[in-house]
Amino acid sequence: MPKEKSSKKVTTGGSASKASKTASSTTTTSESSKSNSKPAGKIKMKFPCTHAFECTSGEILWGQIQCLIKGSKTKAHDGVNGPISSGFGGTILQSEFCYRAAARKGKWVVERFVNSEDKWVGGFIVHHEDISGKELLERCSSIGISLAQSHEDKQIVYVNRYDWSWHSGSSTEVGKELKLYKSHKKKKKDDDEDYRGSDEESGSGYDSEECERLGGNFQMIDASEYDSVMKLLSSKHPEECIQYRAPSGTLCGVHVCGEDTEYELGWLVFSGKKHSDFPESDELIGVVYDSSYCALEGDFEVE
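Note that our numbering has the sequence shown beginning at 35, numbered continuously upward.
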């Protein structure tokens, strides 16, 4: 009997060892795949941008970089029912989103809304080409800040200032994710304490900006191009309004930003229909992003 027990232990140990090696190999291969992935390109945006990007997968990731990371790790979609949970109350009302949505396929547009008198930029409207950006802005303006999602237009979901941006996510986690996408050469330099190259060369230029990049911008990308966009961001985060171009040549996302942004608000707009590829998910057709914390109050022109 002791021999049989001993034999079983040996056999079990061998299987565990093989499983461990397999898991380790899979992890290494996955990380290698990320670091060797091709980066997206970037194009400076001009407004109105009538062909900003194309949604080919039927899914988009939205928010700032930490939101994109979170959205990439779930299959759940945001919808008309609003945030998936609310964690804090009182003076800070914070909700949790998926930062991933089933979006209408095809070309998407980016427009700015500008104050009619002083010409300062209030924010941006990102929407499918079938939809009027001006109409979306008017609908969202009639809602404004809606902490309890108590407004009448139930095809619109409000994103509060504490639900994203600097109030959400961790620069440490962002740094860990970006490190997976750095080239092996840069990784080696980063890990070499004796190496003192430039920030841009070593890929540590982003590290000094991680906290800043958690806010002050809005990104929307086709979910299928997450790896290529992260590969680009692992080198340098954009500081202006740009379009992302996938390695295949397809425009796959956007990054927009305003000046002197402190708090940011958003409104997700759905079509009232379920998505053709995801029959249980609501179809997203647009997002209004308030980069100036104006709460959409005032007279604006869309351009």
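Here a beta-carbon is modelled for each residue, glycine too, at the ideal position from N, C-alpha and C.
Keep in mind the model is a prediction, meaning the values are calculated, not measured.
Assuming residue i contacts residue j under a Cβ cut-off of 8 Å, what Cβ separation, rounded to an integer in Å, is found between them?
i	j	result
I118	C132	6 Å
Q128	D197	6 Å
Q277	F87	6 Å
L330	S175	4 Å
Please name the residue, chosen from the options, that lies closest to residue i on a Cα-to-Cα basis.
i	options	result
T206	K188, L248, E186	L248
L266	A280, T108, C275	A280
E93	S184, S282, I255	I255
S268	E296, S217, Q277	S217
K76	C89, V290, Y192, R173	V290
W142	P73, S166, L181	S166
V303	T284, C275, V191	V191
F158	A329, D324, E293, G332	D324
G300	E337, G250, C275	G250
D164	S305, G287, F81, E273	S305
E273	F252, Y260, D261	F252
A74	N194, G287, K168	G287
Whole angstroms are fine: how far does the CA of residue j sit from the CA of residue i?
i	j	result
F334	N70	45 Å
V322	E298	11 Å
S326	E296	7 Å
G203	W96	14 Å
G315	H111	Residue 315 is actually Ser in this sequence, not Gly. About 7 Å.
K210	S67	16 Å
A136	L318	6 Å
C83	I99	22 Å
H185	E145	25 Å
D311	G113	15 Å
E234	K270	Unreliable placement is indicated for E234, whose pLDDT of 38 sits below 50; the coordinate value is still reported in the next sentence. Taking the straight line from one Cα to the other gives about 8 Å.
L285	I103	20 Å
E172	W154	18 Å
Would residue i be called buried (16 or more neighbouring beta carbons within 10 Å of its own) or exposed?
i	result
N115	exposed
G140	exposed
K213	buried
P313	exposed
A257	buried
S282	exposed
D261	buried
H339	Shown here, the chain extends from 35 to 337; a query on residue 339 therefore has no answer.
W200	buried
S180	buried
If you scan the segment 260-317 from start to end, which runs of the beta strand (DSSP E) of 3 or more residues do you find wholly inside it? For the segment 260-317, whole beta strand (DSSP E) runs of length 3 or above, ordered along the chain, are 276-279, 285-290, 299-308.
Considering only residues of the segment 76-134, which uninterrupted beta strand (DSSP E) runs meet the minimum length of 3 residues and lie entirely inside it, listed in chain order? Correct list: 83-89, 93-97, 119-122, 128-130.
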